[in-house]
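These notes concern the structure reproduced below.
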Amino acid sequence: MRKIALVNQKGGVGKTTTAVNLSAALATLGRRVLLIDMDPQSNSTIGLGLNPHELKRTTYSVLVSGIPAREAIRQIAPNLFMIPSNLDLAGAEMELSTAIGREQVLRDAMNDISDFDFALLDCPPSLGMLNVNSLVFVDEIFIPMQCEFFALHGLSLLMRTIDLVRRRLNPGLAVTGVIPCMYDVRKGLARETVLEIEKHFGNRVFQTRIRTNVRLAEAPSHGMTIFDYAPDSYGAEDYMALAREVAGVPAPAPAPAADIEVAPAAPPPP
Ligand code: ATP
Ligand code: MG
């Protein structure tokens, strides 16, 4: 099982949009995916059509009340499963801070869950206990970045936190992917920002750029992924391309255009 946290302490950069739509795309490619909502804002929970007020078993129940993680998993679609969150999770920051082994509660709780190809974690825009628990559990970190001037600003704090967790608690932890999000093809600034990001992270930056697409912003208010809400949008195209890159699935060969007339083969020379 590949365990991946979507982390960036900066708010509004595309963590949740990526968590929801990358999960859905990987599920469509036939991978069994578990999305864990680690954010008390519950945006990915709402984005997948659940009502946080009606939830009995959540990330909070697993981290604080100690219910088995398996009992909090619910199926959303074929191959797509989730542990949802609600606002209770905001209290977990405080409650975990006095617990013994507080950084490893999630890792222990997920100990017997291995029947997924991917576990993706949608993390909150902070560097508190919920993020540290996520970083201790996962092996890989994907950093979604908004393609704008301040994209790299404040990143050193994130990298220091990752480094500390790696040294003290999770030696295998690594940043394996940076995802350029909200890429506006018309703006030179977006291209320049990606060049800056590539200077910093080299070949760990995904080839796929997630373009700015209003359909991606609309879909969550309908509780739908981009593939259900607007399957023909750029947003759907980009997140499917990202999923292929993540899972190592080659892009399908373009279908031959049906309406191109093929000239008849020349008769063989006499
Ligand atoms: P937070 O830190 O608050 O959890 P986040 O990093 O999870 O934020 P998102 O919620 O995914 O960020 O995105 C922030 C806003 O930008 C949302 O309104 C979302 O719909 C919108 N958005 C994200 N990606 C795109 C995109 N590629 N095109 C257009 N809008 C986008
Ligand atoms: Mg979010």
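First residue of the sequence shown? That's 130 in the working numbering, and the numbers climb one at a time after it.
The beta-carbon is built from N, C-alpha and C at its ideal position, and this holds for glycine as well.
Alpha-carbon to alpha-carbon, Leu-318 and Asp-244: Rounded to the nearest angstrom, the two C-alpha atoms are 42 Å apart.
Whole-Å CB distance - Phe-356 paired with Ala-154, under 8 Å assumed: Yes, they are in contact, since the Cβ atoms of Phe-356 and Ala-154 sit about 7 Å apart, within 8 Å.
Per-residue DSSP class, three states only, for Pro-181: When secondary structure is reduced to three states using DSSP, Pro-181 falls in the helix class.
At least 3 beta-carbon pairs within less than 8 Å: the segment 186 to 194 vs the segment 230 to 240: With three or more CB-CB distances shorter than 8 Å, the segment 186 to 194 counts as touching the segment 230 to 240.
The ligand MG heavy atom lying under 7 Å from the CB of Asp-166: Checking every heavy atom of the ligand MG against the Cβ of Asp-166, none is found closer than 7 Å.
Strand pairing of Met-274, partner residues [DSSP]: Partner(s): Pro-309.
Contact set for Glu-269: own chain, Cβ-Cβ below 6 Å, skip 5 residues either direction: Excluding sequence neighbours, Glu-269 sits near Ile-133, Thr-305.
C-beta atoms of Ile-212 and Asp-166 nearer than 8 Å: Contact flag set, yes.
Three or more C-beta pairs below 8 Å linking the segment 163 to 183 and the segment 297 to 313: The segment 163 to 183 is not in contact with the segment 297 to 313.
Closest residue to Gly-364 among Gly-140, Asn-150, Val-136, Thr-145 (Cα-Cα distance): Of the listed residues, the one whose Cα sits closest to Gly-364 is Asn-150.
Reference Ala-346; option with closest CA among Gly-141, Arg-231, Met-130, Thr-322: Ranking Gly-141, Arg-231, Met-130, Thr-322 by Cα distance to Ala-346 puts Gly-141 first.
Rounded straight-line distance, which links the Cα of Val-265 to that of Leu-298: Going by the C-alpha atoms only, they are around 6 Å apart.
Where Ala-248 falls: helix, strand or coil (DSSP): In the structure shown, the three-state DSSP call for Ala-248 is strand.
Whole-angstrom C-beta distance between Ile-339 and Leu-371, which should lie under 8 Å: Contact between Leu-371 and Ile-339 holds: their C-beta atoms lie close to 7 Å from each other, under 8 Å.
Contiguous beta strand (DSSP E) assignments of at least 3 residues, all confined to the segment 188 to 227: Taken in chain order, the complete beta strand (DSSP E) segments of 3 residues or longer contained in the segment 188 to 227 are 203 to 206, 209 to 212.
beta-carbon Gln-170 near the ligand MG non-hydrogen atom, thresh 7 Å: Yes - the ligand MG has a heavy atom lying nearer than 7 Å to the Cβ of Gln-170.
Environment of Met-223 [buried if 16+ CB atoms lie within 10 Å]: Residue environment: Met-223 is assigned as exposed (fewer than 16 neighbouring CB atoms within 10 Å of its CB, all protein chains considered).
Straight-line gap, Ala-148 to Pro-383 (C-alpha atoms, nearest Å): Roughly 27 Å between the two C-alpha positions.
Whether Ala-248 touches Met-130 by CB criterion (8 Å): Yes; because the gap between Cβ atoms is below 8 Å, this pair is in contact.
Residues sharing a beta bridge with Asp-166, DSSP: Looking at the DSSP output, Asp-166 bridges to Asp-251.
Proximity test, Lys-144 beta-carbon vs the ligand MG heavy atom, cut-off 7 Å: At least one heavy atom of the ligand MG is nearer than 7 Å to the Cβ of Lys-144, so yes.
Proximity below 8 Å, CB of Ser-263 to CB of Val-136: Taking 8 Å as the Cβ cut-off, Ser-263 and Val-136 qualify as a contacting pair.
Limits of the beta strand (DSSP E) - the one that Arg-131 falls within: Taken as a continuous stretch (DSSP letters only), the beta strand (DSSP E) holding Arg-131 covers 131 to 135.
DSSP state of Val-261 mapped onto helix, strand, coil: DSSP places Val-261 within a helical segment (H, G or I) once states are collapsed to three.
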